[in-house]
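Participant: Before I ask anything, here is the structure I am working with.
Protein chains: 2
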Amino acid sequence: MAPSEVRIYEVGPRDGLQAESTGVETDDKLRFIQLLSNAGLREIETTSFVSPTAIPQLADADEVMRRLERRVGVRYPVLVPNQRGMERALAAGADAVCVFTAATESYARHNINMSIGESIEAFRPVVAEARQRGFWARAYVSAAFGCPYEGEVPERAVVDVSHALMELGVDELAISDTLGVAGPSDVRRVLGAVGEAGIAADAIGLHFHDTRGTALVNVVTAMSLGYRSFDASTGGTGGSPFAPGSAGNLATEDLVYLLDREGVRHGVDLDAVLAAASFMADRLGRPLQSRLGRAGGWPGSVP
Amino acid sequence: MAPSEVRIYEVGPRDGLQAESTGVETDDKLRFIQLLSNAGLREIETTSFVSPTAIPQLADADEVMRRLERRVGVRYPVLVPNQRGMERALAAGADAVCVFTAATESYARHNINMSIGESIEAFRPVVAEARQRGFWARAYVSAAFGCPYEGEVPERAVVDVSHALMELGVDELAISDTLGVAGPSDVRRVLGAVGEAGIAADAIGLHFHDTRGTALVNVVTAMSLGYRSFDASTGGTGGSPFAPGSAGNLATEDLVYLLDREGVRHGVDLDAVLAAASFMADRLGRPLQSRLGRAGGWPGSVP
Chain A
302 MAPSEVRIYE VGPRDGLQAE STGVETDDKL RFIQLLSNAG LREIETTSFV SPTAIPQLAD
362 ADEVMRRLER RVGVRYPVLV PNQRGMERAL AAGADAVCVF TAATESYARH NINMSIGESI
422 EAFRPVVAEA RQRGFWARAY VSAAFGCPYE GEVPERAVVD VSHALMELGV DELAISDTLG
482 VAGPSDVRRV LGAVGEAGIA ADAIGLHFHD TRGTALVNVV TAMSLGYRSF DASTGGTGGS
542 PFAPGSAGNL ATEDLVYLLD REGVRHGVDL DAVLAAASFM ADRLGRPLQS RLGRAGGWPG
602 SVP
Chain B
302 MAPSEVRIYE VGPRDGLQAE STGVETDDKL RFIQLLSNAG LREIETTSFV SPTAIPQLAD
362 ADEVMRRLER RVGVRYPVLV PNQRGMERAL AAGADAVCVF TAATESYARH NINMSIGESI
422 EAFRPVVAEA RQRGFWARAY VSAAFGCPYE GEVPERAVVD VSHALMELGV DELAISDTLG
482 VAGPSDVRRV LGAVGEAGIA ADAIGLHFHD TRGTALVNVV TAMSLGYRSF DASTGGTGGS
542 PFAPGSAGNL ATEDLVYLLD REGVRHGVDL DAVLAAASFM ADRLGRPLQS RLGRAGGWPG
602 SVP
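Line by line, the protein sequences are chains A and B.
For the working numbering, count along the first sequence from 1 and bump the result up by 301.
For the working numbering, count along the second sequence from 1 and bump the result up by 301.
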């Protein structure tokens with residue numbers, strides 16, 4: 302049975318912008334984040350404290366966090382790859398953190414240059430410190446539905462890394478279709494295994510990329526299984542730099558339209574999201590990647 | 302329960318091209334149709350015998366049909382608006398026809414300049430002649446999920462016009478989300494009413510536009526209700542001329558990817574569809590509108 306209310310976890314400023322070839326000014330990032338909170342988004346992944354040489358698009362993470370005008374009731378998580386990143390994040394005033402590993406050894410190796418086991422050990426002190434400080438903590442499981450190096454990913458691999466991450470003490474796992482290859486049967490298969498392994502639906506966020514147009518189908522499938530936390534990126538940013546024009550993260554506006562149409566509450570205003578999306582599209586100098594950004598809403602959607 | 306096999310009804314040469322501002326040469330249309338049948342498509346809506354002044358993009362309907370190289374086992378339906386269109390279609394050698402009206406009076410008036418009742422009367426001799434000749438006949442119900450003039454469309458309106466069209470003797474109704482506004486609950490509501498009214502699922506094709514990214518969700522919802530005929534347009538052509546860049550019909554390649562991923566049989570080859578889509582994108586001088594056209598398939602999909 303579909304839930305009557307869901308969380309929308311906005312990843313645009315981080316996952317969206319990190320893949321864009323056009324650099325965005327710090328002032329514009331801060332304005333974008335303001336527009337997102339204006340739209341009613343209450344969880345906005347703000348930036349990443351990975352090495353600035355690895356992701357130059359987010360090299361201003363310290364400045365973004367220091368200058369951020371926080372709104373009451375809004376969570377601003379940041380990515381931290383290790384203890385050094387955690388130190389930078391703490392110095393910049395972060396109070397919600399995300400670590401990230403993968404469901405396959407090859408993807409972990411390529412993306413974070415660690416084995417899965419090494420990444421868990423690297424995150425252990427980070428998550429311990431976050432918990433000690435009362436921070437909210439999330440862990441990404443990338444390539445959970447398909448891996449560019451290994452192909453199909455057995456659900457057992459997702460379960461194993463999920464267990465290890467939950468044992469570290471994170472509040473939420475983001476089970477991620479990084480490649481954007483999953484369909485509904487994959488969602489049922491992977492979430493079925495994760496659920497059977499005893500990880501509660503409320504500890505799971507779903508992170509779908511819309512690369513092959515299946516993100517909304519997957520959201521609806523996950524909702525029907527009782528999951529109710531969904532990642533999205535305003536403007537649909539986050540496409541692969543290797544596939545120009547390819548769709549990226551599920552666009553927040555596309556998700557909001559569907560949820561409105563289905564009468565599922567989420568607290569986000571479609572027009573305000575579209576305004577934020579347009580703002581960022583202008584800064585990036587290209588049309589919006591989202592369906593809604595091109596077509597606009599429809600009067601028939603629930604206000 | 303989702304069906305193990307579905308029909309994909311290709312509308313690219315007709316619904317796709319009629320909305321494109323760039324004209325396509327007759328030779329290229331014929332080549333496109335050939336590529337579509339090469340891909341395994343067995344129903345290809347080929348052209349339209351509406352007035353050439355109304356839709357200049359398809360003014361070569363007579364030539365397309367006369368020069369068509371028919372493949373055994375492939376159906377090539379054409380749109381006929383009235384008896385005059387039927388005469389042209391017959392002269393050109395058509396043997397499968399589609400008539401089209403709408404679920405709302407305003408949409409019928411704007412689109413075909415008749416009331417719904419008048420359209421039914423106009424189609425009566427057309428469908429009678431088609432049946433007499435043993436032709437396959439289909440009727441479109443446009444704006445079944447939302448109307449640009451009247452807003453939300455009551456399911457009763459869809460049921461009423463569907464009944465009238467079935468009584469004419471058509472083989473199939475194409476219940477159409479012309480605006481691309483429907484979500485799964487709309488699909489359940491409208492198909493629920495149509496089913497309760499006694500119209501069999503096997504007499505229904507679903508025609509979804511992907512304008513707001515919901516087409517695949519709607520396909521999956523309809524499949525779960527036992528429906529198994531879906532319209533799609535190779536390359537995702539058919540966007541509104543009033544919304545440049547907007548997505549059009551559900552792209553055949555996006556549908557094929559999802560069905561492959563779900564293990565639902567359909568007889569169409571993804572790579573060959575992508576080749577046909579690329580061919581037409583070149584002719585139209587713009588990038589593909591489909592997700593798959595931009596991202597490409599994935600090795601993990603079922604061959």
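The C-beta atom is built at its ideal place from N, Cα and C for all residues, glycine as well.
Answer with buried or exposed for A/N412, where buried requires no fewer than 16 other C-beta atoms within 10 angstroms of its C-beta.
Facilitator: So A/N412 ends up on the buried side.
Participant: Cα separation between A/A516 and A/D561?
Facilitator: C-alpha separation (whole angstroms): 16 Å.
Participant: With a threshold of 16 other CB atoms inside 10 Å of the CB of B/G418, please say whether the residue is buried or exposed.
Facilitator: Classification of B/G418: exposed, given that the 10 Å Cβ count is below 16.
Participant: For a contact meaning CB atoms closer than 9 Å, what does A/A548 contact in chain B?
Facilitator: Under the 9 Å cutoff, chain B gives R592, R595 and A596.
Participant: The stretch 479-507 of chain B: which residues have C-beta closer than 9 Å to a C-beta of chain A, in chain order?
Facilitator: Here the close residues are L480, G481, V482, A483, G484, P485, S486 and D487.
Participant: Along the beta strand (DSSP E) that carries B/S322, what are the first and last residues, could you check?
Facilitator: First-last for B/S322: undefined, no H or E at that position.
Participant: Does the pairing of the stretch 348-357 of chain A with the stretch 310-328 of chain A give three or more beta-carbon distances under 8 Å?
Facilitator: The stretch 348-357 of chain A vs the stretch 310-328 of chain A: in contact.
Participant: Would B/D260 pass as a contact of B/G341 if the rule is Cβ separation under 7 Å?
Facilitator: Only positions 302 to 604 of chain B appear in this structure, which leaves residue 260 of chain B out of reach.
Participant: Check the C-beta distance from B/L559 over to B/L575 and give it rounded, since I have them as a contact under 8 Å.
Facilitator: With a Cβ gap of about 14 Å, B/L559 and B/L575 do not count as contacting.
Participant: For A/A438, which of A/S420, A/P455, A/F333 and A/V471 has the nearest alpha-carbon?
Facilitator: Nearest of A/S420, A/P455, A/F333 and A/V471 to A/A438, Cα basis: A/V471.
Participant: Do you know offhand how far A/L556's Cα is from B/R371's?
Facilitator: Taking the straight line joining both Cα atoms gives about 43 Å.
Participant: Just the chain A side, please: which residues come within less than 9 Å of B/L559 by C-beta, in chain order?
Facilitator: G484, P485, R513, G514, T515 and V518, listed in chain order.
Participant: Would you kindly report the start and end of the unbroken alpha helix (DSSP H) that includes B/L507?
Facilitator: Where B/L507 is concerned, there is no enclosing alpha helix (DSSP H), although the beta strand (DSSP E) it sits in stretches over I505 to F509.
Participant: Using beta carbons (cut-off 7 Å, strictly below), is B/R425 in contact with chain A?
Facilitator: For B/R425, the answer is no, since every Cβ of chain A falls outside 7 Å of its Cβ.
Participant: Return the chain-ordered list of same chain residues with a C-beta closer than 7 Å to the C-beta of A/P485, the five sequence neighbours on each side being excluded.
Facilitator: These residues qualify, in order along the chain: V518, N519 and T522.
Participant: Considering Cα atoms alone, identify which of A/R584, A/A596 and A/G537 is closest to A/G313.
Facilitator: When only C-alpha atoms are compared, the closest one is A/G537.
Participant: Chain A partners of B/D316, CB-CB under 9 Å?
Facilitator: What B/D316 touches in chain A: nothing, since even the nearest Cβ is about 17 Å away.
Participant: Measuring only between beta-carbons, confirm whether A/R587 sits less than 7 Å from chain B.
Facilitator: Chain B contact via Cβ: absent.
Participant: Rounded to whole angstroms, what's the CA-CA distance from A/F436 to A/V442? Just pull it up for me.
Facilitator: Straight-line Cα distance between these residues: approximately 20 Å.
Participant: If A/M366 sits next to A/A395, beta carbons under 8 Å apart, how far is it from one beta carbon to the other, in whole angstroms?
Facilitator: Going by Cβ atoms, the distance from A/M366 to A/A395 rounds to 6 Å, so yes, they are a contact pair.
Participant: Within 8 Å, do at least three Cβ pairs link the stretch 458-476 of chain B to the stretch 378-392 of chain B?
Facilitator: Output reads no: the stretch 458-476 of chain B does not touch the stretch 378-392 of chain B.
Participant: Strictly below 8 Å CB to CB, what residues from chain B border A/P304?
Facilitator: Result: empty, since nearest Cβ-Cβ is about 14 Å, beyond 8 Å.
Participant: Measure the C-alpha to C-alpha separation of B/Y310 and A/Q358 and round it to an integer number of angstroms.
Facilitator: So the two alpha carbons sit approximately 44 Å from each other.
Participant: Would you decide whether B/G568 is buried or exposed? Buried here means 16 or more other CB atoms lie within 10 Å of its CB.
Facilitator: The residue in question, B/G568, is exposed, as its Cβ has fewer than 16 Cβ neighbours within 10 Å.
Participant: Can you name the start and end residues of the beta strand (DSSP E) that B/L474 belongs to?
Facilitator: E473 to D478 is the extent of the beta strand (DSSP E) around B/L474.
Participant: Using a Cβ cut-off of 7 Å (strictly closer), state whether B/E563 contacts chain A.
Facilitator: Interface residue, yes.
Participant: B/V565 by DSSP, collapsed to three states: which one?
Facilitator: Correct three-state label for B/V565: coil.
Participant: Please confirm whether B/G452 has its beta-carbon closer than 7 Å to some beta-carbon of chain A.
Facilitator: Closer than 7 Å: yes.
Participant: What first and last residue would you give for the beta strand (DSSP E) that runs through B/T402?
Facilitator: Taken as a continuous stretch (DSSP letters only), the beta strand (DSSP E) holding B/T402 covers A397 to A403.
Participant: Which complete alpha helix (DSSP H) runs does the stretch 327-370 of chain B hold, if anything under 4 residues is left out?
Facilitator: Fully enclosed alpha helix (DSSP H) runs of 4 or longer: 327-339 and 362-368.
Participant: DSSP puts A/G452 in a beta bridge; with which residues?
Facilitator: DSSP output for A/G452 lists A/C448 as bridge partner(s).
Participant: Would you report the Cα separation of B/G598 and B/R584, rounded to the nearest angstrom?
Facilitator: Answer to the nearest angstrom: the Cα atoms are 22 Å apart.
Participant: Just to confirm my understanding: we take A/A582, look at its own chain, exclude 5 residues before and 5 after, and list those with CB closer than 8 Å. What are they?
Facilitator: For A/A582, where only same-chain residues beyond five positions count, the Cβ hits under 8 Å are G536, P588, L589 and G594.
Participant: DSSP three-state call for A/N383: helix, strand or coil?
Facilitator: The answer is coil: DSSP assigns A/N383 none of H, G, I, E or B.
Participant: For B/D555, which residues in chain A fall below 9 Å Cβ to Cβ?
Facilitator: Result: R513, G514 and T515.
Participant: Look up B/A498 in the DSSP assignment and give the residues it is bridged to.
Facilitator: The partner list for B/A498 (beta bridge, DSSP) is empty, contrary to what the question assumes.
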